[in-house]
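Data block below; observations after.
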Amino acid sequence: MKIKPSGLKTQYSSPDQVLAQHGKSFYWARFFLGKESSQKATHLYGFCRYLDDIADGHEKDRLDKLLQIKNNINLESKSHNLPPQIDSFLKLNDGNRSGISSANDLLEGLISDQNDTLISDEGELIQYSYQVAGTVGLMMAPILDAKNNKSFSFAIDLGIAMQLTNIARDVKEDAIYGRRYIPKTLCRAMTPDEILISANGNDPQGREIIKKSINHILTIAEGYYDSGLSGLAYLPIRNHIAIGIAAIIYRQIGRKLVKRGTRWWQGRQIVSFAEKFIYSFFIIITLFSRLKSYPIHNKSLHLHLKRFQNINGS
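If you read the sequence shown in this note's numbering, its first letter stands for residue 70, the second for the next number, and so on.
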């Protein structure tokens, strides 16, 4: 999923440090992974965080940096002077063209964010969510020893679901940066400035429009969560538990937001440590799916993703 920016640092932080500070749901869940899977997943997270920090930073050359990274990961002969996050990613995907293709889709999504971001409709919303988060699920699946390629569609769905949660949670924050990920078809084409005006209480009608839009997006997310969680049956049980816990905790962000009246103008909704501990036990329910045959993917969830060649057949 697209990771919120931490701010670029001049000093390199290890993937473990980055995950502990900025990916608390995943950091909590990763202790259920095996050592090798945990290390690989942490390095992938570090790579994605690095890209997000560039994309959401304040440097004037951030677009050039993203284009340079895209060039670096597609070179046949690798440079010896790459940032450690990129070098680690390339080693992780040595010989894996699917991983590189997913990274290309991710970078295209981040590059698109360098312009004014005003999502048009639900199709564009799902496409963007795939680019910046579904791709992460796609890259994570082989790291977590998914049994076969049929699992990849479910991994994409889990990433999309989490990104939709991100979007619903961060409407006000994104508007501050001039971005509106809520489709204009849902919010009467309100601009980021208009969203901020309504957040400040000066437009009650606009506030209600955004509230209904967020609820709609979270309803869409529920379908992708259901699909993604069902696909965990393709993973070894230990990895199933770890990723399932992270997803369940993340899902609760949106559910908690709705339960509290979708007061989006009050800022970011969080899940406390105590709540994370309690919700972690919900994973037991998903384990019963392992007693059944493997799920069949609902192709309608990828109706808007046909242009992405990397997921054809997944």
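A virtual CB, placed ideally from N, CA and C, is assigned to each residue, including glycine.
The model shown is predicted, which means the values in this text are computed figures rather than measured ones.
(message) Taking the beta carbon of PRO54 as the centre, do at least 16 other beta carbons fall within 10 Å, making it buried, or is it exposed?
(response) The shown model of the chain, from 70 to 383, leaves out residue 54, and the question about it has no answer.
(request) May I have a chain-ordered list of the alpha helix (DSSP H) segments no shorter than 4 residues that lie completely inside the segment 136-181? (result) 153-161 and 166-181
(request) Following the continuous alpha helix (DSSP H) through THR234, name the residue where it begins and the one where it ends. (result) Indexing the sequence shown from 1 puts residue 234 at position 165. Run containing THR234: 220-238, per the alpha helix (DSSP H) assignment.
(request) Have a look at PHE346 and LYS216 and give me their C-alpha separation to the nearest angstrom. (result) By one-based count along the sequence shown, residue 346 stands at place 277. By one-based count along the sequence shown, residue 216 stands at place 147. Approximately 29 Å, taken between the alpha carbons.
(message) For LYS78, count the other beta carbons within 10 Å of its own beta carbon; 16 or more makes it buried, fewer makes it exposed. Which is it?
(response) Numbered from 1 along the sequence shown, position 9 holds the residue referred to as residue 78. With a pLDDT of 43 at LYS78, under the threshold of 50, the predicted position of this residue should be treated as unreliable, though the coordinate-derived value follows. Exposed: under 16 other Cβ atoms inside 10 Å.
(message) Three Cβ pairs or more, each shorter than 8 Å: is that satisfied between the segment 245-264 and the segment 179-199?
(response) yes
(message) Distance check for LEU151 and ALA110, CA to CA, integer angstroms please.
(response) Position 41 of the sequence shown holds residue 110. Position 82 of the sequence shown holds residue 151. The alpha-carbon atoms of ALA110 and LEU151 are separated by roughly 20 Å.
(message) Within a Cβ cutoff of 6 Å, which residues of the same chain sit near GLY297, ignoring the five residues on either side of it in sequence?
(response) As a first step, residue 297 is located in the sequence shown; it is residue number 228 there, counting from the start. Cβ within range, chain order: PHE223, ASP226, LEU227 and ALA230.
(message) Would ARG276 and THR260 be called neighbours here (beta carbons separated by less than 8 Å)?
(response) As a position in the sequence shown, residue 276 is number 207, starting the count at 1. As a position in the sequence shown, residue 260 is number 191, starting the count at 1. No. Outside cutoff.
(message) If I follow the unbroken alpha helix (DSSP H) through LYS253, where does it start and stop?
(response) Sequence index remark: in the sequence shown, residue 253 carries index 184 (1-based). Note, LYS253: alpha helix (DSSP H), 253-256.
(message) Can you check which of these residues, LYS325, ALA302 and GLU128, is closest to GLN183 by C-alpha distance?
(response) Locating residue 183 in the sequence shown gives position 114, where the first residue counts as 1. Nearest C-alpha to GLN183: GLU128.
(message) In this structure, how does DSSP classify LEU132 when only helix, strand and coil are distinguished?
(response) The residue labelled residue 132 in the question sits at position 63 within the sequence shown. If DSSP states are grouped into helix, strand and coil, LEU132 belongs with the helices.
(message) I'd like the span of the alpha helix (DSSP H) that includes GLN274, first residue to last.
(response) Residue mapping note: residue 274 aligns to position 205 of the sequence shown, counting from 1. Where GLN274 is concerned, the enclosing alpha helix (DSSP H) stretches over 273-299.
(message) Here's the rule I'm using: 16 or more other beta-carbon atoms within 10 Å means buried, otherwise exposed. How should SER299 be labelled?
(response) By 1-based counting over the sequence shown, the position of residue 299 is 230. SER299 is buried by the Cβ-count criterion.
(request) Tell me whether the beta-carbon of LEU102 lies closer than 8 Å to the beta-carbon of ARG307. (result) Walking along the sequence shown from the start, residue 102 turns up at place 33. Walking along the sequence shown from the start, residue 307 turns up at place 238. Yes.
(request) Determine the contact status of LYS392 and GLY336, defining contact as a CB-CB distance below 8 Å. (result) For the chain, the structure presents residues 70 to 383; residue 392 sits outside this window and is missing.
(request) May I have the straight-line CA-CA distance separating ALA124 from LYS104, to the nearest angstrom? (result) Against the sequence shown, residue 124 aligns to sequence position 55. Against the sequence shown, residue 104 aligns to sequence position 35. Straight-line Cα distance between these residues: approximately 30 Å.
(request) Evaluate GLY164 with the Cβ neighbour count: other Cβ atoms within 10 Å of its Cβ, from every protein chain shown; 16 or more gives buried, anything less gives exposed. (result) Your numbering for residue 164 matches position 95 in the sequence shown. Classification for GLY164: exposed.
(request) For GLN378, collect the residues of the same chain with a Cβ closer than 8 Å to its Cβ; drop the 5 residues on either side in sequence, then sort them by chain order. (result) For the purposes of this step, residue 378 is taken as the residue at position 309 of the sequence shown. Result list for GLN378: SER170, in chain order.
(message) Helix, strand or coil for ARG337? Go by DSSP, reduced to three states.
(response) Translated into positions along the sequence shown, residue 337 becomes position 268. Reduced to three states, the DSSP call for ARG337 is coil.
(message) I'd like the span of the alpha helix (DSSP H) that includes SER267, first residue to last.
(response) Position 198 of the sequence shown, counted from the first residue, corresponds to residue 267. It spans 261-268 - the alpha helix (DSSP H) in which SER267 sits, taken as one unbroken run.
(message) On the CB-based measure, 16 or more other CB atoms within 10 Å of its CB, does SER369 come out buried or exposed?
(response) Translated into positions along the sequence shown, residue 369 becomes position 300. Classification of SER369: exposed, given that the 10 Å Cβ count is below 16.
(message) Taking the alpha helix (DSSP H) that THR111 belongs to, which residues open and close that run?
(response) Taking the first residue of the sequence shown as position 1, residue 111 is located at position 42. Element bounds for THR111: 104-124.
(request) Count the other C-beta atoms from every protein chain shown that fall within 10 angstroms of the C-beta of PRO364, then say buried if there are 16 or more, exposed otherwise. (result) Numbered from 1 along the sequence shown, position 295 holds the residue referred to as residue 364. Counting Cβ neighbours within 10 Å, PRO364 comes out buried, since at least 16 surround it.
(request) Out of LEU120, GLY270 and SER106, point me to the one whose CA is closest to ILE155's CA. (result) Your numbering for residue 155 matches position 86 in the sequence shown. Nearest C-alpha to ILE155: LEU120.
(message) Using 8 Å as the threshold, is the C-beta distance between THR331 and ASN284 below it?
(response) Position 262 of the sequence shown, counted from the first residue, corresponds to residue 331. Position 215 of the sequence shown, counted from the first residue, corresponds to residue 284. Taking 8 Å as the Cβ cut-off, THR331 and ASN284 qualify as a contacting pair.
(message) Which residues does DSSP list as the beta-bridge partners of LEU187?
(response) Against the sequence shown, residue 187 aligns to sequence position 118. BP columns for LEU187 point to ARG249.
(request) Would you grab the beta carbon distance between ALA237 and ILE279 for me? Rounded to a whole angstrom, and I think it's under 8 Å. (result) The count along the sequence shown starts at 1 and reaches residue 237 at position 168. The count along the sequence shown starts at 1 and reaches residue 279 at position 210. The Cβ separation is near 10 Å, so there is no contact.
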